[in-house]
Amino acid sequence: MDGDPWAAWLDPSTLLRAGAALTPVGALEALLRAAGRRLVGTRVTVPGSGGELSLRFDSLSLGPDPVGLALGQLDDLRLVASDVRWRDLRCHRLVLVCRNVHVRPFPAPVAVAAPVTLEVAVDIAVLAGMLTAARRDWLLEPAGPGLARLRWARRPSWGHVTVTAEVSGTALLVRPRELVVGPRRVRLPSWCPGRRIALPALPRGLRLREVVVDGEEVVLHLAADEWREQVPTGRLEGLLRRLT
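Right under this line is the structure:
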């Protein structure tokens, strides 16, 4: 037989035409593959109790093997999206990686991923807007890898303070490192007080691990030890029919 018979059997349209009774893991795997093919390049809006999430679906990849599927294992899943909007936050890139995705069938089918990492890239102007909301007398701009500049809004030409950003609980801590006034540069001591910027509440138990300033963007690295969601087979089959 030409081609990959396993891939042909898992094709969602083939399953639906044949009226196959899907297991929870089979239905989830077929749904993810159908989404990966049908939704690429389209805009998707997902309602939620924490606020509506809207994004452009760029890619979704997963690589289970037949033996793993038989045991309820989907292995790793990677989703890439762009132009993401959630509440008041807008970012231009989102990369979600779910490790060790599997389905626990009893007592009710539940999809589990452990761990989950999320990379969110936002324009530094977004961070500048958050700082302005907290302190209207400061302006924020990029200053090279890992660095940014703070200027006094009333007299931006007077000079600036070079700062770094780090995670402090549920806030972003902006620390001053160097004072620049004209040609003079003064390195500031480590005990200089920083400015805390409150971050929006994060969904699904995610926590912020690291903030990296890279050129014109700020990359937020988030993680969750585990994510789980019920996967009723009937609901998955309904979604699968809509996609196919």
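Taken in order, the sequence shown gives residues 9 to 252; the numbers are from the numbering used here.
The C-beta atom is built at its ideal place from N, Cα and C for all residues, glycine as well.
Fair warning: this is a prediction, and the values are worked out from it, not measured in the lab.
Which term fits residue 79, buried or exposed, when burial requires 16 or more other beta carbons within 10 angstroms of its beta carbon?
exposed
Locate the beta strand (DSSP E) running through residue 218, then write down its first and last residues.
215–222
Distance between residue 159 and residue 68 (C-alpha atoms, nearest Å):
41 Å
Please classify residue 35 as buried or exposed, where buried requires at least 16 neighbouring CB atoms within 10 angstroms.
buried
Roughly how many angstroms lie between the CA atoms of residue 197 and residue 90, to the nearest whole one?
39 Å
What are the residues that DSSP puts in a beta bridge with residue 105?
86, 125
Taking the C-alpha atoms as reference points, what is the distance between residue 62 and residue 98?
10 Å
State yes or no: is the C-beta of residue 168 nearer than 6 Å to some heavy atom of the ligand ZN?
Among the ligands in the structure shown, none appear at all, so the ligand ZN cannot be discussed.
According to DSSP, is residue 198 part of a helix, a strand, or is it coil?
Three-state DSSP puts residue 198 in coil, outside helix and strand.
Is it buried or exposed, residue 41, if we count other Cβ atoms within 10 angstroms and call 16 or more buried?
With 16 or more Cβ atoms within 10 Å of its Cβ, residue 41 is classed as buried.
Could you say which of 236, 93, 188, 43 lies nearest to residue 4 if we only look at CA atoms?
The requested residue 4 is not part of the displayed model; the chain covers only 9 to 252.
Going along the chain, which residues of its own chain have a beta-carbon closer than 7 Å to the beta-carbon of residue 236, five neighbours each way excluded?
118, 119, 120
Candidates 53, 33, 44, 102, of which the one nearest residue 73 by Cα:
Taking the Cα of residue 73 as reference, the smallest distance to any Cα among 53, 33, 44, 102 is reached at 33.
For residue 53, the three-state DSSP class (helix, strand or coil)
Here residue 53 sits in strand by DSSP.
Use the C-beta contact count for residue 226: other C-beta atoms within 10 angstroms, 16 or more gives buried, fewer gives exposed.
buried
In this structure, what does DSSP give as the bridge partners for residue 66?
DSSP output for residue 66 lists no bridge partner at all.
Check for me: the alpha helix (DSSP H) holding residue 32 runs from which residue to which?
32–46
Please report the Cβ distance between residue 70 and residue 85, rounded to the nearest whole angstrom; I am assuming they are in contact, meaning their Cβ atoms lie under 8 Å.
5 Å
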